[in-house]
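Participant:
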Ligand code: PHE
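Residue numbers (the numbering used here): 617 to 1083.
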């Protein structure tokens, strides 16, 4: 049965706009900020290899599953899954996965907005020339000065959330295309400029080796982190890609589109890593420096290169835009759902949800300064504590939300989406939606969704538990 329905929330003008929007969602802080610092924390090549494997075997198949569920359902992820489950005679409780995903996406947005706020602050810093000729210590101190100031963090967090809400309130389909068509290629060009700089540091090969030297003994250390990051960077497991799929034109080919998005996302991450690590080594910084890595490293480069002030300013503007095009995709599944459910205006629903994310985000703001000692999920000698002030182990608020979403909720959500497309929906519906002529290719993709991706997620969970 062909499905010509259109979502009430709008439709992309063409397949090309879907690629732009999905790439806009996928490419963001995950690629430029998170990928390098996670690679640094988990020791380099082994992490990168696991991440690449997870992208191909788990992430892209789940992206395929999400896109086809969304496009066939033509509603918010929760309602799309509900109606497709009924159509296939399966339990409507499958839609719970989309509901959990929707909450996970809001939780991600809460901290994403804070970090995106850092790049707003850096735009000003670059513009003022704060980083001219800056040393590694100076750059570290500048970053520390920002994160230790709750007011400054709150200001940028609020501004970023506001801008996200304004765009979402107007509807995603409008406006997104125009900005992304120019910004995304430009961001990539600037990454190449940075790559050019890192080639001149004399430490390029050291950076390259760090990223690509595979040390099997380190695989288990970062295996769950790598898989979680594969989900995060592709925006899968929460319904963001699903909701974008629901605006996708019927004629567009899902298979090739999804592969294009996966490739672009990976290319940006690897370029960012290759640009960053040589600078890290040249400046004598620690690759395992954590979330500040990009914000400490890049100003050093911009502080030295010709026209660094202006290149740096443009760069942080582009990072903010890349973050913005990701953050709107985190809010969209929830907005679409609550609009469908309550019949209230899009603007009102967006305002309420953005306010919720803003409040939760304040937890992240404080976790970098006065609330740094508030620890959650503490396993101590006297047992487990959900919360404890000043505990030795445990995670601060930001780490806890990041851990809960990337390492638990995203993989579980993705698992459910793959199982749903692979086992609950009937094969003919999937075949019709994918519209792949070659039976061999269809069977391969279908098998990746049905078996390989779910088994992949389970293996990683088991490997993590047996650590
Ligand atoms: N993929 C985005 C990034 O890499 C983050 C994201 C996660 C977006 C989940 C939507 C949903 O920055």
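Backbone N, C-alpha and C fix where the C-beta goes; we use that ideal spot for every residue, glycine too. All of these numbers come straight from a predicted model, not from anything done at the bench.
1. Flag this pair as touching only if the region 710 to 719 and the region 1060 to 1074 have three or more C-beta atom pairs under 8 angstroms; answer yes or no.
2. Might you give, ordered along the chain, the residues of its own chain that have their beta carbon closer than 7 angstroms to the beta carbon of residue 746, omitting 5 neighbours on each side?
3. Measuring alpha carbon to alpha carbon, tell me which residue in 888, 990 and 970 is nearest residue 954.
4. What residue range is occupied by the uninterrupted alpha helix (DSSP H) comprising residue 822?
5. Any heavy atom of ligand 1 closer than 7 angstroms to the beta-carbon of residue 946?
6. Taking only three categories from DSSP, how would you classify residue 1011?
7. Assign residue 625 to one of three DSSP states: helix, strand, or coil.
8. According to DSSP, what are the bridge partners of residue 999?
9. So, is residue 1003 buried or exposed, given that buried needs 16 or more other C-beta atoms within 10 angstroms?
10. Spatial neighbours of residue 819 within its chain, please: C-beta separation below 7 angstroms, excluding the five flanking residues on both sides.
11. So, helix, strand or coil for residue 691, using DSSP?
12. Could you name the residues that DSSP lists as bridge partners for residue 990?
13. Report the CB separation of residue 807 from residue 930 in whole angstroms; it is logged as a contact under 8 angstroms.
14. Between which two residues does the alpha helix (DSSP H) carrying residue 1027 extend?
15. The alpha helix (DSSP H) that contains residue 915, what's its start and end?
16. Using only the alpha-carbon positions, how far apart do residue 1038 and residue 1031 sit?
17. Among residues of its own chain, excluding the 5 on either side of residue 921, which ones have a beta-carbon nearer than 6 angstroms to its beta-carbon?
18. From which residue to which residue does the alpha helix (DSSP H) around residue 774 run?
19. Specify, as a first and last residue, the run of the alpha helix (DSSP H) that residue 1055 falls within.
20. In three-state terms, what does DSSP make of residue 902?
21. Determine the closest residue to residue 779 out of 767, 765, 718 and 725, with distance taken between C-alpha atoms.
Facilitator: Looking at the atomic coordinates:
1. no
2. The beta carbon of residue 746 is closer than 7 angstroms to those of 758 in its chain, skipping five residues each way along the sequence.
3. 970
4. 820 to 828
5. yes
6. strand
7. coil
8. 996
9. exposed
10. 894, 897 and 898
11. coil
12. 1005
13. The pair is not a contact, with the Cβ atoms about 12 angstroms apart (cut-off 8 angstroms).
14. 1026 to 1035
15. Taken as a continuous stretch (DSSP letters only), the alpha helix (DSSP H) holding residue 915 covers 909 to 920.
16. When only Cα atoms are considered, residue 1038 and residue 1031 end up about 10 angstroms apart.
17. 813
18. 766 to 786
19. Note, residue 1055: alpha helix (DSSP H), 1055 to 1063.
20. coil
21. 725
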